[in-house]
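Number of protein chains: 2
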Amino acid sequence: MNRHDIALIGFGGVNRALAEIIHHRGDELAEELGFVLRVVAITDLRLGSLMQADGVDLGAVFAMTGADTFAGWRGGAAVPQNDYVIRNTTADIVVEATFTNPLDGEPGISHVRAALESGKSVATTNKGPVALAGAELDRLAAAHGVRFEYEGSVVSGTPILRFVSETLKGLRVNAVQGILNGTSNYVLGQMESGMTLDAAVAEAQALGYAEADPTADIEGSDVRLKVVILANEVLGGSITAEDVSCRGISGVSSADIIAAAANGSRWKLVGSASRDADGRITASVQPVALPSTHPLAAVSGPTNAVSFDTDLLGTVTVAGPGAGRVETAYALLSDIIAIDARQRATAEANQ
Amino acid sequence: MNRHDIALIGFGGVNRALAEIIHHRGDELAEELGFVLRVVAITDLRLGSLMQADGVDLGAVFAMTGADTFAGWRGGAAVPQNDYVIRNTTADIVVEATFTNPLDGEPGISHVRAALESGKSVATTNKGPVALAGAELDRLAAAHGVRFEYEGSVVSGTPILRFVSETLKGLRVNAVQGILNGTSNYVLGQMESGMTLDAAVAEAQALGYAEADPTADIEGSDVRLKVVILANEVLGGSITAEDVSCRGISGVSSADIIAAAANGSRWKLVGSASRDADGRITASVQPVALPSTHPLAAVSGPTNAVSFDTDLLGTVTVAGPGAGRVETAYALLSDIIAIDARQRATAEANQ
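Residue numbers (the numbering used here), protein chains in the order written: chain A, 1 to 351; chain B, 352 to 702.
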């Protein structure tokens, strides 16, 4: 049976969840998918790095506690050595899920670049590398005959990008709009129940939905990067974050929300992009009072959703989880499945 | 460039819309998809039959008026001769979209069987053949090395079946529930506005949503067949219509609807199926008062939607048009694209 050797770059919640899926469900997945997954390298800020070409014992990794590091393990070290591991691992797929700064996309961009340059396919859940350097990284992947996949960069594991590329073939998508940030959506929902913005943000932080600094969620910059990805992937654009006008929800008052509710409308932070007849892309992030009949109006709490306006099929909407460690790990599995399918198709075409 | 020759069995709204797509967008589609579509046969109750192996002039067909038939055309006759055309056409794909009785699946089942037996792949929008004889027809297709595709048998062109098979790979879907009938959903919506059931049905008939005999829509038998298809396709079941308990919306009163609305709930006709740990399928059609937070609660009017409960990703919902001639024709195009992809993969594997 075919096998893919995996390097996990970053071992926080998401890559750990992927390792758990591989450990506990690998046999079942192999039967369904026709290939075996084996982890041959792990790097992590706290654990250090580990390279074992014959396969890492994941059970031993899960059993690590406290201040344990990979120092003293065969092929192990106390420091992450990300670039060295990415370039020298025997893995054919590098899974990049480090904590990456969305403003400059680092260290994600450097990790992706190193992997592609050394002839490895990449799956990532980081939006920064895709939104800020997607075109460069796509070209780099093509030049090295490998794949760059990033389903989890938008709406977590809910397979929005692959829905369009695989399932809507033959359609022309002219516009896309979505609820792309669970924190702001949760906050708006709590404000409908009478809470103030500040109280709702504090509650979201207490529940672990919002970061200590909620600015990116509340002021729209998180959604802005996701709109860039959707516009470029789904509408064939080549826009950057500067092309997306951006207004968050801090200007929406409780009075606005109550007035909308009286009309059966709901305020939502909507990211949208459309292509006009000349191929020009217009994109924005803004709070909008959606009528109850709008396909995004009922999307509540941490759920995300994206609507696609198509030529032959009208509007089609996909809704699902926009966060969660296991859900986001599924995005990586979906990417790995896509990389495998493309490698097989190429191998067969070259026979 | 690769080419598919198509026989259109039935030339009502849906197959006519597919012919229009091929006529007006064929070049654009060929560029995107890598294959050309050519219609080489048409049969129709009213127009008769036409077989032209070098390609039918669709413009001339669209220009037919009044009592025109194919009599006198090269390869034409005044009668449909469905079985003869299906068995003798030079087409490699038979597109079956006749008016088929959902109770016995005929003449659709006979048409599909004839096509598969004579080595042609089939795309159909008829639910009867899939719900009543799906397993037999799947086996027949496999035995003849061809494909049997039926995306349009559930939720029209909204690609529900292909969403699961292509986009949710690696997930285990444990349950599915949907709003699968636009007419009953429209009627329930009008009852929320204070209309009686009878008045809402009459309005749906006047708008062309409901048939002269609305029983199948209102009493749930239309949804019942779609639940059979979802349970067998998505959950890997092998159930029949008799296994689906079925209650329609005629027992839902205006008082029920007003009481639910006071609690923020909405009555919906829900078709559902789930698989328990032993692999047993439980399936039903029934009216349910859904809380406003339920992913199907906001699905209004003629829109359909299906939610999938998955192991790794939680609940994912797809909503889109559940009817319409162009929308349903897209389901056929989606099937043709899938048939082409499978034929290419097989050809490459055999090289």
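Note that the Cβ used here is the ideal one computed from N, Cα and C, for glycine as well. Just so it is clear, the structure is predicted and the values come from calculations on it, not from any experiment.
Distance between A612 of chain B and P638 of chain B (C-alpha atoms, nearest Å): Numbered from 1 along the second sequence, position 287 holds the residue referred to as residue 638 of chain B. Numbered from 1 along the second sequence, position 261 holds the residue referred to as residue 612 of chain B. Roughly 15 Å between the two C-alpha positions.
Interface residues of chain B facing V326 of chain A [CB-CB closer than 7 Å]: What you label residue 326 of chain A is simply residue 326 of the first sequence in a count that begins at 1. Residues of chain B whose Cβ lies closer than 7 Å to the Cβ of V326 of chain A are, in chain order, L663.
Would you tell me roughly how many angstroms separate the C-alpha atoms of L447 of chain B and T167 of chain A, rounded to the nearest one? On the second sequence, position 96 is the one that residue 447 of chain B refers to. On the first sequence, position 167 is the one that residue 167 of chain A refers to. It is worth fixing the name first, because residue 447 of chain B is Glu in this sequence and not Leu. Each residue's alpha carbon lies about 21 Å from the other.
Reducing DSSP to helix, strand and coil, say where L207 of chain A ends up. Translated into the one-based positions of the first sequence, residue 207 of chain A becomes position 207. L207 of chain A sits in coil when the DSSP states are folded into three classes, being neither helix nor strand.
Does the distance from the CB of G157 of chain A to the CB of A319 of chain A come in under 8 Å? Position 157 of the first sequence holds residue 157 of chain A. Position 319 of the first sequence holds residue 319 of chain A. No, these two residues do not count as a Cβ contact at 8 Å.
CB of A428 of chain B within 8 Å of CB of S400 of chain B, strictly: Indexing the second sequence from 1 puts residue 428 of chain B at position 77. Indexing the second sequence from 1 puts residue 400 of chain B at position 49. If you check the CB distance, A428 of chain B and S400 of chain B come in under 8 Å.
So P653 of chain B contacts chain A; which residues on that side make the cut at Cβ distance below 7 Å? Indexing the second sequence from 1 puts residue 653 of chain B at position 302. Result: empty, since nearest Cβ-Cβ is about 10 Å, beyond 7 Å.
Determine whether the beta carbon atoms of K226 of chain A and G182 of chain A lie at a separation below 8 Å. Walking along the first sequence from the start, residue 226 of chain A turns up at place 226. Walking along the first sequence from the start, residue 182 of chain A turns up at place 182. For the 8 Å CB-CB criterion, K226 of chain A and G182 of chain A do not form a contact.
Proximal chain B residues relative to F163 of chain A, where beta-carbon distance stays under 7 Å: The count along the first sequence starts at 1 and reaches residue 163 of chain A at position 163. Here the neighbours are F514, T518.
What is the DSSP secondary structure of I229 of chain A, reduced to helix, strand or coil? Position 229 of the first sequence, counted from the start, is the residue given in the question as residue 229 of chain A. I229 of chain A: helix per DSSP, three-state reduction.
Answer yes or no: do L180 of chain A and V155 of chain A have a C-beta to C-beta separation smaller than 8 Å? Against the first sequence, residue 180 of chain A aligns to sequence position 180. Against the first sequence, residue 155 of chain A aligns to sequence position 155. With respect to V155 of chain A, L180 of chain A sits close: the two C-beta atoms are nearer than 8 Å.
Residues of chain B with a CB under 9 Å from the CB of P214 of chain A: which are they? As a position in the first sequence, residue 214 of chain A is number 214, starting the count at 1. Listed along the chain, the chain B residues whose CB falls inside 9 Å of the CB of P214 of chain A amount to none; the nearest CB is some 23 Å away.
Residue interval of the alpha helix (DSSP H) (run including T654 of chain B): Along the second sequence, one-based indexing puts residue 654 of chain B at 303. Per DSSP, T654 of chain B belongs to no alpha helix (DSSP H); it is in the beta strand (DSSP E), 654-661.
E487 of chain B - DSSP class collapsed to helix/strand/coil: Mapped onto the second sequence, residue 487 of chain B falls at position 136. In the structure shown, E487 of chain B sits in a helix (DSSP, three-state: H, G or I).
I'd like to know whether the C-beta atoms of S238 of chain A and A135 of chain A end up nearer to each other than 8 Å. For the purposes of this step, residue 238 of chain A is taken as the residue at position 238 of the first sequence. For the purposes of this step, residue 135 of chain A is taken as the residue at position 135 of the first sequence. Against a cut-off of 8 Å, the Cβ pair of A135 of chain A and S238 of chain A comes out as a contact.
Measure from the C-beta of G119 of chain A to each C-beta in chain B and report whether the shortest distance is under 8 Å. Working through the first sequence from its first residue, we reach residue 119 of chain A at position 119. Judged by the 8 Å Cβ criterion, G119 of chain A is not in contact with chain B.
C-alpha distance - L161 of chain A paired with L235 of chain A, whole-angstrom precision: Along the first sequence, read from residue 1 onward, the residue named residue 161 of chain A stands at position 161. Along the first sequence, read from residue 1 onward, the residue named residue 235 of chain A stands at position 235. Each residue's alpha carbon lies about 11 Å from the other.
Decide yes or no for the touch test of the segment 414-425 of chain B against the segment 439-454 of chain B: beta carbon pairs closer than 8 Å, at least 3 of them. Counting Cβ pairs under 8 Å, fewer than three are found: no touch.
Using a 10 Å radius around the Cβ and a threshold of 16 neighbouring Cβ atoms, would you call N433 of chain B buried or exposed? Working through the second sequence from its first residue, we reach residue 433 of chain B at position 82. When all chains shown are included, N433 of chain B counts as buried.
Alpha carbon of I337 of chain A to alpha carbon of V79 of chain A, nearest angstrom: In the first sequence, counting from the first residue as 1, residue 337 of chain A sits at position 337. In the first sequence, counting from the first residue as 1, residue 79 of chain A sits at position 79. Approximately 30 Å between the Cα atoms of the pair.
Count Cβ pairs between the segment 203-220 of chain A and the segment 246-261 of chain A that sit closer than 8 Å; are there 3 or more? Flag = yes, the segment 203-220 of chain A and the segment 246-261 of chain A touch.
V719 of chain B in three-state terms, based on DSSP: The first residue shown for chain B is 352 and the last is 702, placing residue 719 of chain B beyond what the model contains.
Taking C-beta to C-beta, are A628 of chain B and D594 of chain B nearer than 8 Å? Counted from its first residue, the second sequence places residue 628 of chain B at position 277. Counted from its first residue, the second sequence places residue 594 of chain B at position 243. Judged by beta-carbon spacing, D594 of chain B lies beyond the 8 Å limit of A628 of chain B, meaning their Cβ atoms are not closer than that value.
Check whether the segment 47-64 of chain A touches the segment 12-24 of chain A, counting contact only when three or more Cβ pairs, one atom from each stretch, lie closer than 8 Å. Taking a cut-off of 8 Å on C-beta distances, the segment 47-64 of chain A touches the segment 12-24 of chain A, as three or more cross pairs fall below it.
Below 8 Å between beta carbons is the criterion; list the residues of the segment 30-41 of chain A that meet it against any residue of chain B, in chain order. Correct list: E32, L33.
Exposed unless 16 or more other CB atoms sit within 10 angstroms - verdict on T43 of chain A: Counting from one through the first sequence, the residue named residue 43 of chain A turns up at place 43. Buried is the call here.
Under 9 Å between beta-carbons, which chain A residues line up against I609 of chain B? List them in chain order, please. The residue labelled residue 609 of chain B in the question sits at position 258 within the second sequence. Within 9 Å of the CB of I609 of chain B, no CB atom of chain A is found; the nearest one sits about 16 Å away.
Per DSSP, cross-strand counterpart(s) of G48 of chain A: Looking up residue 48 of chain A in the first sequence gives position 48. Answer is A:D44.
Using a C-beta to C-beta distance shorter than 8 Å, which residues of chain C count as neighbours of G671 of chain B? Reference to chain C is not applicable here, since the protein chains of this structure are A and B.
Report yes or no: do the segment 354-367 of chain B and the segment 381-395 of chain B share at least 3 C-beta pairs separated by less than 8 Å? Of all C-beta pairs linking the segment 354-367 of chain B to the segment 381-395 of chain B, three or more are shorter than 8 Å, placing the two stretches in contact.
Does DSSP put A358 of chain B in a helix, a strand or coil? Position 7 of the second sequence, counted from the first residue, corresponds to residue 358 of chain B. A358 of chain B falls in the strand class under three-state DSSP.
Below 8 Å CB to CB, which residues in the same chain sit around D138 of chain A once its five sequence neighbours on both sides are set aside? By 1-based counting over the first sequence, the position of residue 138 of chain A is 138. Contacts found: F148.
Buried versus exposed call for R224 of chain A [16 or more other C-beta atoms within 10 Å across all chains shown]: Numbered from 1 along the first sequence, position 224 holds the residue referred to as residue 224 of chain A. So R224 of chain A ends up on the buried side.
Check each candidate in B:G545, B:P510, B:S685 and name the one with the smallest Cα separation from I444 of chain B. Walking along the second sequence from the start, residue 444 of chain B turns up at place 93. Minimum Cα distance to I444 of chain B is reached at B:S685.
Same chain only: Cβ atoms within 8 Å of L647 of chain B, ignoring 5 sequence neighbours per side: Translated into positions along the second sequence, residue 647 of chain B becomes position 296. So the list reads Q528, G529, I530, K619, V621, L641, A656, S658, T668, once near-sequence residues are dropped.
Residue span of the alpha helix (DSSP H) that contains A563 of chain B, given as start and end: Residue numbering aside, residue 563 of chain B sits at position 212 when the second sequence is read from its first letter. Here A563 of chain B belongs to no alpha helix (DSSP H), and DSSP marks it neither H nor E.
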